Amino acid sequence: MLKQDSIANFINENVDQSYSPARYIIAFSGGLDSSALLHNIVYLKEKKPIIAIHVNHQISEYSEKWENYCIDAAKGYGVEIFVERVTIDRNSPDGIECEMRNKRYGAIRKYMQKGDCLMTGHHRDDQAETLLLSMVRGSSEDGLSGIKPIQNFYGALLLRPLLNFSRKDLQLYAEQNDLKWIEDPSNKDNSIDRNFLRNDILPRLENRWMSIDKRFFKVSRLALESSERSNDLAKIDLNTLGDIDRIDADGFSMLSQNRRRNLLRYILKRRGIGQPTFNQMMDGIKILSSLIKNKKNNHLEWPSIDIYHYDKKLFFVEQSECIDIKQKIKIFPDKTLELDGNMGKLKLSPANKGNISPEIVKLGLDVTYRKGGEKIKPIGRKYTHKLKNLFQEKKIYPWMRGKIPILKYRNELVCVGNLWVAEKFHKQNGYSLIWSEKPDIN
196 MLKQDSIANF INENVDQSYS PARYIIAFSG GLDSSALLHN IVYLKEKKPI
246 IAIHVNHQIS EYSEKWENYC IDAAKGYGVE IFVERVTIDR NSPDGIECEM
296 RNKRYGAIRK YMQKGDCLMT GHHRDDQAET LLLSMVRGSS EDGLSGIKPI
346 QNFYGALLLR PLLNFSRKDL QLYAEQNDLK WIEDPSNKDN SIDRNFLRND
396 ILPRLENRWM SIDKRFFKVS RLALESSERS NDLAKIDLNT LGDIDRIDAD
446 GFSMLSQNRR RNLLRYILKR RGIGQPTFNQ MMDGIKILSS LIKNKKNNHL
496 EWPSIDIYHY DKKLFFVEQS ECIDIKQKIK IFPDKTLELD GNMGKLKLSP
546 ANKGNISPEI VKLGLDVTYR KGGEKIKPIG RKYTHKLKNL FQEKKIYPWM
596 RGKIPILKYR NELVCVGNLW VAEKFHKQNG YSLIWSEKPD IN
């Protein structure tokens, strides 16, 4: 049963003693769970600033009424409250529940500061629903571990101190303390998977096996332990083979299939990228293994990320904004030009060691991109070279070659990024091309 000191005990047992939260941030929907949470936090013996955040999803006819209720409830405790209104895409490919969750946490994040402690009211029944949904979806052990009791949240802590309590525990606590709360009628809509489990499946399981929610909770904890062991193994493999940007290809191929899959999942997780399906993962490992075995420079495409085999390494490259190679852009002296595709900024500036002719720079240079077949006779070279060969010589990553800016004057190549300048347009004490915020290209 939830008691007045339950959350304080949770904090003492789960939060490192060296971490002293600056503020308690409460995700406050006005429902039973967050109402019990806010009430319990207000009466903690250890006083900290408390802030409530209500996210109005604006999808119910009662949304404004609930917003006003939460404002009044928080003020009744003397708690400062902030309200964020978000717009929900009902046709989101991830489903409306995921869309609402992402928008909710995105809204809350705006108020978070380093050292804060965010708390949500998830309880044991929520954990049981999450476990069942994960099983239906065929999730990995990480998915089966369900809702985490504690995790990092953008430089702050995210705690779920009510996970060990059932909804009945919270309702009893609320009734004993004369609390009021909002009942969302949409919770009765069984067309939503989570509601179907809550209203139909779980009650029947509970009738057959008493305290089934406790058993589900135990399964989630065991899955969490297993997931943490897998993460520990992945950390060892990653430290041996490289980092989350690149790993040794031959070393990767020598791992067992399970460890390869475990390492890939860990890298994607560390990069904040969604996991591929089991079949996508298995097919992807086969493709990568074939590329490594046959020493082919090629790549694997997954949603949001490409994995390139190049120079005996596997590179993890997030798919960025595409660059329109047909667009016509001019750059003039001392004007900063921001490039598309997160490729940084360009600026032509006079310099003692500058080597681009001022005469053409002052007329403006065209910013273009590689189309194939380009040639240049760089300063200090005896011969004209194909750009393709220069890229290979300098080991420019293949996936970056088409994104490197090429400056031209009257359709003649002047320079390739800040890598090479054409001898024809060379002049001492001229202009330098400054390429700032340049990504890693080799």
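Okay, so the sequence shown: first residue is 196 according to the working numbering, each after it adds one.
Glycine included, C-beta positions come from ideal geometry on N, C-alpha and C.
This one's a predicted model, so the numbers in the text were calculated from it and none came from an experiment.
Are the CB atoms of residue i and residue j nearer to each other than 8 angstroms?
i	j	result
I246	E275	yes
I294	R389	Here residue 294 is Glu; the residue named in the question, Ile, does not match the sequence. Their beta carbons are not under 8 angstroms apart, which means E294 does not touch R389 by this criterion.
F511	R460	no
Y264	G225	yes
N547	N426	no
I206	V250	no
I555	Y592	no
P573	V616	yes
I629	K542	yes
L374	H504	no
G597	R565	yes
Is it right to say residue i is buried, meaning 16 or more other beta carbons lie within 10 angstroms of its own, or is it exposed?
i	result
I248	buried
M405	exposed
I431	exposed
Y214	exposed
S631	exposed
K540	exposed
F447	buried
S335	buried
L558	exposed
P380	exposed
R466	exposed
R299	buried
E262	buried
With distances taken from CA atoms, which of the options is nearest residue i?
i	options	result
G437	T579, L509, L197 and D320	L509
R355	S334, G567 and A203	A203
R602	F411, N474, I468 and F527	It should be pointed out that residue 602 corresponds to Leu in this sequence rather than to Arg. Answer by Cα proximity: F527.
A217	G310, D529, E259 and L357	G310
I468	N493, T435 and I502	I502
Q308	K298, S334, D561 and G350	G350
E241	D200, N493, P288 and T531	D200
N493	R454, K530 and A444	A444
L352	D211, E618, P600 and E607	D211
R576	L534, K583, T563 and K619	K619
E149	I524, N382, T563 and L614	As shown, the chain starts at 196 and ends at 637. That puts residue 149 outside it, with no answer to give.
Y272	L417, L239 and I462	L239
H621	E401, E533, I571 and G333	I571
L534	W594, V331 and K633	K633
A268	N286, V281, F223 and K305	F223
M595	E607, G612 and N606	G612
Starting from the C-beta of residue i, find all residues in its chain whose C-beta is less than 6 angstroms away, skip the five residues before and the five after it, and write them out in chain order.
i	result
P545	Y626
L392	E324 and L327
G341	Q322, T325, L326 and S415
Y219	I236, K243, I245 and C312
N209	I345
F348	L313
Q279	Before going on, a small fix: residue 279 reads as Glu here, not Gln. So the qualifying residues of the chain are V250 and A302.
S329	G338 and L339
Quick check: what's the CA-CA separation for residue i versus residue j?
i	j	result
P498	P471	8 angstroms
S361	H317	9 angstroms
M314	N457	30 angstroms
E378	L227	8 angstroms
D284	M538	31 angstroms
K464	K581	40 angstroms
L428	E420	13 angstroms
I551	L486	42 angstroms
C610	R454	45 angstroms
I165	P288	Summary: the structure shown does not reach residue 165, with the chain confined to residues 196 through 637, and so no result is reported for it.
F586	T435	29 angstroms
G338	E423	12 angstroms
M477	L495	12 angstroms
K530	V562	13 angstroms
K590	P600	17 angstroms
L417	F411	10 angstroms
I439	Y578	40 angstroms
L483	K198	54 angstroms
For residue i, I'd like the list of residues in its chain whose CB is within less than 7 angstroms of its CB, leaving aside the five on either flank, ordered along the chain.
i	result
L367	M196
L358	H317, H318, R319, Q322, I342 and P344
D384	N390
G549	N624, G625, Y626 and S627
A369	L227, S230, A231 and W376
Q514	S499, I500 and D501
N382	N390
K583	none
Once you ignore the five residues that flank residue i on each side, which residues in its own chain have a CB closer than 8 angstroms to its CB?
i	result
Q452	I480
D320	S361, R362, R393, L397 and D408
N297	D289
K488	S448
Say yes only if the C-beta of residue i is nearer than 7 angstroms to one or more non-hydrogen atoms of the ligand SAH, and no if none qualify.
i	result
L628	In the structure on display, the ligand SAH does not appear, and there are no ligands present to speak of.
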